[in-house]
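Enquirer:
Residue numbers (the numbering used here), protein chains in the order written: chain U, 16 to 212; chain D, 118 to 251.
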């Protein structure tokens, strides 16, 4: 079993990518479980995911990387025992730190073969976001197994290159994939990376 | 885990769940009303002198369909995924959520509730729950 988290700042496209990945992985015959957590307690993402034919477990009333770390551990144990998935996809809040989520997964003792972290960056807003909240975003990028630069359908090649340079300055050795979760571009590459994980 | 990342990011959030009924509203008008509400939340955030560093989203579910609206940038505007059914819509549920850096939960609550007021002119709405926490 692989535990994959889709990290990234508010509005980076996590839910859209989660739906793409969940659907694509399901088509390959893998049993996929989805755990979703978001910054507001009134969940929107769980309803969106279910409207796309996927089932999910929502964790509300806090953030799984800090105040609800115990809930995440309990949910991971329950999902892995009852559903026996090949893969668990976790969508943390846009304000979660993936390094902390990874640590919580490891201490859940669910017998995962490995964890895999995809960090999404919104290419359209990257320069603005890094200017306003650069330190926080850097902590999200740091420690990812792959950085997915999203919304490339909305950006020029020059902008993509600028965003790629920002990411390389933070995490020079981390692979980068250019995607459009909305259009489905690059999703197959991520599915392959997950398959190889 | 004593660190609270919401505090660390200086972010606020507010979510609201609403049930609505209507004598019959066309899908196009409903989509426009919700889109304008989402846009208004974004404008309200910018109106507080803040850049929109966050996310405003709404999900409406009605018998036979749904409407998803996201906004992360005022210039880009709201993005819509419209799966509403044809014909008059008489009932449904809406969920709104806003999270933004530089605003408190209370400031966002005020902005979101103010932005939903025009919906109340066309729909009979009952608020089921609203929460702030992380």
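Idealized CB from N, CA, C, for every residue including glycine.
Fair warning: this is a prediction, and the values are worked out from it, not measured in the lab.
From residue 71 (chain U) to residue 87 (chain U), what does the alpha carbon distance come to, in whole angstroms?
Expert: Taking the first chain and counting its residues from 1, the one referred to as residue 71 (chain U) is at position 56. Taking the first chain and counting its residues from 1, the one referred to as residue 87 (chain U) is at position 72. Roughly 13 Å separates the two Cα atoms.
Enquirer: Closer than 8 Å is the cut-off here; do at least three beta carbon pairs connect the region 196–211 of chain D with the region 164–184 of chain D?
Expert: Output reads yes: the region 164–184 of chain D touches the region 196–211 of chain D.
Enquirer: DSSP has residue 81 (chain U) in a bridge; who is on the other side?
Expert: Here residue 81 (chain U) corresponds to residue number 66 of the first chain, with the count starting at 1. Bridge partners of residue 81 (chain U): none, in fact.
Enquirer: State the beta-bridge partners of residue 185 (chain D) as determined by DSSP.
Expert: Taking the first residue of the second chain as position 1, residue 185 (chain D) is located at position 68. Paired residue(s): D:176, D:198.
Enquirer: Could you run through the region 161–183 of chain D and flag, in chain order, every residue whose CB is less than 8 Å away from some CB of chain U?
Expert: Flagged, chain order: 168, 170, 171, 172, 174, 175, 176, 178, 183.
Enquirer: Which residue wins for smallest C-alpha separation from residue 91 (chain U), given the options U:168, U:67, U:116, U:109?
Expert: Locating residue 91 (chain U) in the first chain gives position 76, where the first residue counts as 1. Minimum Cα distance to residue 91 (chain U) is reached at U:116.
Enquirer: Note down, one range per segment and in chain order, each beta strand (DSSP E) of at least 3 residues found wholly within the region 102–168 of chain U.
Expert: List check, beta strand (DSSP E) in window: 102–106, 129–137, 161–165.
Enquirer: Between which two residues does the alpha helix (DSSP H) holding residue 35 (chain U) run?
Expert: Along the first chain, read from residue 1 onward, the residue named residue 35 (chain U) stands at position 20. From DSSP, the alpha helix (DSSP H) with residue 35 (chain U) extends over 29–42.
Enquirer: Tell me, please, whether the region 41–51 of chain U touches the region 102–119 of chain U by the rule of three or more beta-carbon pairs shorter than 8 Å.
Expert: With the cut-off at 8 Å, the region 41–51 of chain U and the region 102–119 of chain U touch.
Enquirer: So, are the CB atoms of residue 155 (chain D) and residue 186 (chain D) less than 8 Å apart?
Expert: Taking the second chain and counting its residues from 1, the one referred to as residue 155 (chain D) is at position 38. Taking the second chain and counting its residues from 1, the one referred to as residue 186 (chain D) is at position 69. Going by C-beta atoms, residue 155 (chain D) is nearer than 8 Å to residue 186 (chain D).
Enquirer: Does the region 189–196 of chain D come into contact with the region 122–141 of chain D, if we say contact requires no fewer than three beta-carbon pairs (one atom in each stretch) closer than 8 Å?
Expert: Contact between the region 189–196 of chain D and the region 122–141 of chain D is absent, because fewer than three Cβ pairs lie under 8 Å.
Enquirer: Can you look up residue 131 (chain D) in the DSSP assignment and give me helix, strand or coil?
Expert: Mapped onto the second chain, residue 131 (chain D) falls at position 14. The answer is strand: DSSP assigns residue 131 (chain D) an E or B state.
Enquirer: Just verifying my parser: in three-state terms, what is the DSSP assignment at residue 207 (chain U)?
Expert: On the first chain, position 192 is the one that residue 207 (chain U) refers to. Residue state, collapsed to three classes: helix.
Enquirer: Using 8 Å as the limit for Cβ to Cβ distance, is residue 140 (chain U) near chain C?
Expert: Judged by its chain identifiers, the structure shown contains no chain C, and its protein chains are U and D.
Enquirer: Starting from residue 147 (chain U), find everything on chain D with Cβ-Cβ shorter than 9 Å and list it in chain order.
Expert: Your numbering for residue 147 (chain U) matches position 132 in the first chain. Chain D residues near residue 147 (chain U): 168, 170, 218, 219.
Enquirer: Could you tell me if residue 64 (chain U) is buried or exposed, where buried requires 16 or more neighbouring beta carbons within 10 angstroms of its beta carbon?
Expert: Counting from 1 along the first chain, the entry for residue 64 (chain U) is found at position 49. Buried, since its Cβ has 16 or more Cβ neighbours within 10 Å.
Enquirer: Could you tell me which chain D residues have their CB closer than 8 Å to the CB of residue 137 (chain U), listed as they occur along the chain?
Expert: Numbered from 1 along the first chain, position 122 holds the residue referred to as residue 137 (chain U). Simply 189.
Enquirer: For a contact meaning CB atoms closer than 7 Å, what does residue 63 (chain U) contact in chain D?
Expert: As a first step, residue 63 (chain U) is located in the first chain; it is residue number 48 there, counting from the start. What residue 63 (chain U) touches in chain D: 176, 185.
Enquirer: Do residue 118 (chain U) and residue 24 (chain U) count as a contact pair if the criterion is CB distance below 8 Å?
Expert: Within the first chain, numbered from 1, the residue matching residue 24 (chain U) stands at position 9. Within the first chain, numbered from 1, the residue matching residue 118 (chain U) stands at position 103. No; because the gap between Cβ atoms is not below 8 Å, this pair is not in contact.
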